[in-house]
Each structure stands twice: as structure tokens, then as C-alpha cells.
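Working notes, structure below.
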Amino acid sequence: MQPRVPSWHLRARGTAGVHAQRGGKNSVAPGCERASRVVSSVDARPLRVAASPECLPQRSGAGQWSCAPPAWHRVGGKRFRSDAAGPDEQEIDCTVVSVCALQVCACARNECEADLDSGATFDMDLEGEALRGSMDLGTGPRPVRFTGKSVAGSGTAGPPRNRLAMWYPHPMPLSLGDLNQRLAEADRARCTLRRATLEWRALGLRLLRARRHEDHDHVRPDRPDGDCPAGRSSPA
Amino acid sequence: MFDLTDPTATVLLVARALRDRGLDSAVYGGLALAAYGEPRETKDADLAVVGVGAGQAADALREAGLDVIVAFDQVVFGGNVVSRVTLIGGEDAHGLNTADFVEPRSIRYARAALARAMDGSLRGQSIRVLSPEDFVTFKVLSTRARDLEDAACVVHALHSILDLSAVDAEVRLLASEIPDHDVLGRLARVTTLAANRGA
Numbered sequence: 012m013q014p015r016v017p018s019w020h021l022r023a024r025g026t027a028g029v030h031a032q033r034g035g036k037n038s039v040a041p042g043c044e045r046a047s048r049v050v051s052s053v054d055a056r057p058l059r060v061a062a063s064p065e066c067l068p069q070r071s072g073a074g075q076w077s078c079a080p081p082a083w084h085r086v087g088g089k090r091f092r093s094d095a096a097g098p099d100e101q102e103i104d105c106t107v108v109s110v111c112a113l114q115v116c117a118c119a120r121n122e123c124e125a126d127l128d129s130g131a132t133f134d135m136d137l138e139g140e141a142l143r144g145s146m147d148l149g150t151g152p153r154p155v156r157f158t159g160k161s162v163a164g165s166g167t168a169g170p171p172r173n174r175l176a177m178w179y180p181h182p183m184p185l186s187l188g189d190l191n192q193r194l195a196e197a198d199r200a201r202c203t204l205r206r207a208t209l210e211w212r213a214l215g216l217r218l219l220r221a222r223r224h225e226d227h228d229h230v231r232p233d234r235p236d237g238d239c240p241a242g243r244s245s246p247a
Numbered sequence: 012m013f014d015l016t017d018p019t020a021t022v023l024l025v026a027r028a029l030r031d032r033g034l035d036s037a038v039y040g041g042l043a044l045a046a047y048g049e050p051r052e053t054k055d056a057d058l059a060v061v062g063v064g065a066g067q068a069a070d071a072l073r074e075a076g077l078d079v080i081v082a083f084d085q086v087v088f089g090g091n092v093v094s095r096v097t098l099i100g101g102e103d104a105h106g107l108n109t110a111d112f113v114e115p116r117s118i119r120y121a122r123a124a125l126a127r128a129m130d131g132s133l134r135g136q137s138i139r140v141l142s143p144e145d146f147v148t149f150k151v152l153s154t155r156a157r158d159l160e161d162a163a164c165v166v167h168a169l170h171s172i173l174d175l176s177a178v179d180a181e182v183r184l185l186a187s188e189i190p191d192h193d194v195l196g197r198l199a200r201v202t203t204l205a206a207n208r209g210a
């Protein structure tokens, strides 16, 4: 028998002003903080998130997620019931605690080139700890992939996954020329994260190219010309 | 004003702070993955180091003008020892970030990996990055399933130029040096995952 899969639906409208803070402690959810910056350069209106969760996913032990019992939850200063469904969508600020809110922020950040004014729709399903879904930011639905990552000390330490970060799979260009063009686009959109992945990709290409040349420099007397394709003077 | 939410600027700053104190490091983690494999959302500054604890790192970062808090110091995670410093801004910095300092439990391997890290430059600053072979090996030494996915991603992306036999030889050596961590099993899983990506 298949376990019941909790699911929820979120819709983000408008742009900007995402002052998302994780409940408690002293940290600001990193994704949301960045989203605020990226998006607010476009429009000063607050990003609102409508949530109609069938139930709120909550962590209930080692790697397990379960539905919260129907209850009122406070998100962004507004309350909504975790068993709210269907048309009872309620607008909430993109703030806090709810994994879904953080996902929307992360999404807004990663897709900073998108026109959020047209309305972003997120449909997400939670399957264990893996999320899949699609996202439509006004240009048609596109696949998205979600991966678990913790806010409170991510990475190696492996604390509970209290945040589900989202990764919007842009195809990664392979040539330095393409990368430079995309870098310029990311700069214009003030998309810090996008810029970072592109510039590291470019650095990787340069490093690997340098390593190939180094290999050829040390070579192999039986292959004095390296692996140069016919008609070229360089292996690259 | 320095932006700690900019992953590149942050890792450059952290590496430079260590270097100013004579401490070698090489970029590891999500940014290295973006360099060699597929990009994934990342913000942290993850650096491979030898003999650098959280205290030393924190001192170096404070000297560079950051306010920092030591989150934990030299905690064993599988085949690695990890120290974490939380970056909480500073007089000329805003935002929040973390820097992880990762050192394999085999000092022999830690030194070797750092010695063969690749030299590059970003935004006009020199920066060292773990070789892709050592990136894969570090991920094998780590503990999470996610690390294996990252390693498989690089193996798959660079299959034609990655020296897998060197990785294999290194991991075999590490298996004898760190017998309580299943490095051979994890490498086997990386290979399977990489093959599945190609399927």
C-alpha cells in the first residue's frame, strides 16, 4: 500500500519585499533574504503567497514527513488552517516557518529573470524527502527539482532537513562565449546565485582546459601534437 | 559593503583570509560542483584545508573584518573532519553565511589533495579548487547520500577526462587508513549512480 503523500499548493503573486525570517533564533532564511533583494529591484510590492495546503508537511523523526493535524498555523502574521483545501486559499506573506513559503522564496530567487507579475504558480508534491513538480512563471510549465537542505546548518552536519531548497534546472551552457553572455544577463537581473553558478562553471572550464594543455605540455613523445583535431593547432 | 549572500564573493574572502595567515585551502562543495558538474543551489563557502580548526579560521576571518561565530570545531563526519564558522556580517558586510572547513581524516591524503588543487582566478583574485578527482574522493569520504549524487554528477559530466583509476587507487588506500567508514562501498555507489545517469 502506498503511503499517503502529503501535498500542497502554492501560488505566488506579485514581486518583492520578501522579508522571510525563519522562526526563532537569529537567522534569516537565506533564500528569502536574497529573494527580497533580487526581486525588490524589479518591484517594491510585497510578494504574497496563497496557500491551500491539504496539510502542512512536518518533520516527524528520522527522515520522515507527516501531515500536521488540522490546526491553525501562523505564517507571516496570518493564520490559516492546515486542513484548508480547495478554494479556501488564503493569502499569506512569504515569511517563516512553512517549508512551502521558503520554497516560494527560493523559487523567486532562482528565477529572478522571470516576470513574476504574470503570476507564479507552484504545484508541489512531497514524496518522502524528494520533491518534484512543475512551475509556471508565466512562460508555460517547466519542470523543477527540489532537494532537501537545511537552513540551520546545511551540508555536512546533516541536521534535520527543515528547509526544502529548490533548484531550477536551467540548461548549463558549455562554451565560454555562452557563459559570458549568460553572466551578463545574470548581472543585469542582479541574480547573485545564478551569476555564481555561471562563473564557477566558467572557472571549471578554464581549469580543465589548462589541465589538458598541461598534460600535453608534458607529453608523450609519441604524440607530439597532442590530440589536435585535423586542421587545428590546439587540442581544445 | 560586502555581500555575504554572494557565494563567490564569500568564498574568495574566506580563502583570502586564510591565505593571509599562511593557511592553504581549496574550494570544495557546491561551488566546485558548479565548476565540474551541474549547478545546484549553494551559498556556503566550503573549503578543503589541512590542520585548520574553527578557532584559527574564525581568527583569520575576524582579521578580515567579519563578525563570526564558531558553530563547531573539528567534528568527525565519516571520513572527514569538519569545522564550521557562521558569518554574521561585520562593519562592512551584510547578510548571513557559513564557512565549512573540511579535512580528510587521513593527513596523508589531505595534504596530497591540497597539493594538487588547481589554481585559477575569479573576479581578479587567485583561488584554488580541488581537482575533480579529489572532489569525488572527498564526497566519498562524506556521509550523506546527497554527496554521492554530487560525486556521480561529476563522474558523469567529466567521464572522458576524469582519472577514475586515480580515484579508485586513492579510495583503496583510504579504506585501509579509515577502516570505520565504508569508502569502497560509497565509491561503488557513486559508480552505479553515474552509470544510471548515463542510462
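Which chain is which? The protein sequence lines are X and Y, in order.
Quick note: to get the working numbering, add 11 to the position in the first sequence (first position is 1).
Quick note: to get the working numbering, add 11 to the position in the second sequence (first position is 1).
All residues carry an ideal CB built from backbone N, CA and C; glycine is no exception.
Being a predicted model, the structure only gives us computed values, none of them experimental.
Check: Between Leu214 of chain X and chain Y, is the shortest Cβ-Cβ distance under 8 Å, so that the two count as touching?; Outcome: yes
Check: Taking Cβ positions only, does Ala207 of chain X come closer than 8 Å to chain Y?; Outcome: yes
Check: Check whether the Cβ of Arg217 of chain X lies closer than 8 Å to any Cβ atom in chain Y.; Outcome: yes
Check: May I have the straight-line CA-CA distance separating Asn207 of chain Y from Ala126 of chain Y, to the nearest angstrom?; Outcome: 32 Å
Check: Taking C-beta to C-beta, are Asp17 of chain Y and Ala195 of chain X nearer than 8 Å?; Outcome: no
Check: With 9 Å as the limit, tell me which residues of the region 30-61 of chain Y have their beta carbon closer than that to any beta carbon of chain X; keep them in chain order.; Outcome: Val38, Gly40, Gly41, Leu42, Ala43, Leu44, Ala45, Ala46, Tyr47, Gly48, Glu49, Pro50, Arg51, Glu52, Thr53, Lys54, Asp55, Asp57
Check: Output, in chain order, the set of chain Y residues within a Cβ distance shorter than 7 Å of Arg222 of chain X.; Outcome: Met129
Check: Does Pro190 of chain Y get closer than 8 Å to chain X when you measure Cβ to Cβ?; Outcome: no
Check: So who's on the other strand from Ser187 of chain Y, going by DSSP bridges?; Outcome: Bridge partners of Ser187 of chain Y: none, in fact.
Check: Please state whether DSSP places Ala180 of chain Y in a helix, a strand or coil.; Outcome: helix
Check: Could you please give the first and the last residue of the uninterrupted beta strand (DSSP E) stretch that includes Gly101 of chain Y?; Outcome: 91-101
Check: Which residues of chain X have a Cβ atom closer than 8 Å to the Cβ of Val201 of chain Y, listed in chain order?; Outcome: Ordered by position in chain X, no residue passes the 8 Å Cβ test against Val201 of chain Y, which lies about 17 Å from the chain.
Check: Is Met12 of chain Y helix, strand or coil by DSSP?; Outcome: coil
Check: For chain X, is any of its Cβ atoms less than 8 Å away from the one on Pro115 of chain Y?; Outcome: no
Check: What does Thr19 of chain Y reach in chain X if we use C-beta pairs closer than 8 Å?; Outcome: Arg206, Ala207, Glu210, Trp211
Check: How should Arg193 of chain X be labelled, buried or exposed, when 16 other C-beta atoms within 10 angstroms of its C-beta is the threshold for buried?; Outcome: buried
Check: What residue from Y:Asn91, Y:Arg200, Y:Thr19 has the CA that sits closest to Asp179 of chain Y's CA?; Outcome: Y:Arg200
Check: Identify the continuous alpha helix (DSSP H) that holds Thr21 of chain Y and give its terminal residues.; Outcome: 18-31
Check: Is there contact here, the region 42-51 of chain Y with the region 87-106 of chain Y, by at least three beta-carbon pairs under 8 Å?; Outcome: no
Check: Can you name the start and end residues of the alpha helix (DSSP H) that Ile118 of chain Y belongs to?; Outcome: 118-126
Check: Could you please give the first and the last residue of the uninterrupted beta strand (DSSP E) stretch that includes Thr109 of chain Y?; Outcome: 108-115
Check: Look up Ala167 of chain Y in the DSSP assignment and say whether it is helix, strand or coil.; Outcome: A small correction: the amino acid at residue 167 of chain Y is His; Ala does not occupy that position in the sequence shown. Of the three classes helix, strand and coil, the one that applies to His167 of chain Y here is helix, per DSSP.
Check: So, with DSSP's three-state summary, where would you put Ala75 of chain Y?; Outcome: coil
Check: Gly62 of chain Y: buried (16+ other C-beta within 10 angstroms of its C-beta) or exposed?; Outcome: exposed
Check: Going by C-alpha to C-alpha distance, which of Y:Val86, Y:Gly101, Y:Ala59, Y:Leu34 sits closest to Gly76 of chain Y?; Outcome: Y:Gly101
Check: Given a threshold of 16 other Cβ atoms within 10 Å of its Cβ, counted over all protein chains shown, does Ser132 of chain Y qualify as buried or as exposed?; Outcome: exposed
Check: Using a 10 Å radius around the Cβ and a threshold of 16 neighbouring Cβ atoms, would you call Gly74 of chain X buried or exposed?; Outcome: Bear in mind that the predicted position of Gly74 of chain X carries a pLDDT of just 28, short of 50, making it unreliable; the figure below should be weighed with that in mind. With fewer than 16 other Cβ atoms within 10 Å, it is exposed.
Check: Residues of the region 71-95 of chain Y with a CB closer than 8 Å to any CB of chain X: list them in chain order, please.; Outcome: Ala82, Phe83, Val86, Phe88, Asn91, Val93, Arg95
Check: When you compare only the Cα positions, how much space is there between Asp84 of chain Y and Gly64 of chain Y?; Outcome: 6 Å
Check: On a CA-only basis, which of Y:Leu184, Y:Ala177, Y:Arg27, Y:Ser171 is nearest Leu219 of chain X? Give me that one, please.; Outcome: Y:Ser171
Check: Using the Cβ count rule (16 or more neighbours within 10 Å means buried), how would you classify Met12 of chain Y?; Outcome: exposed
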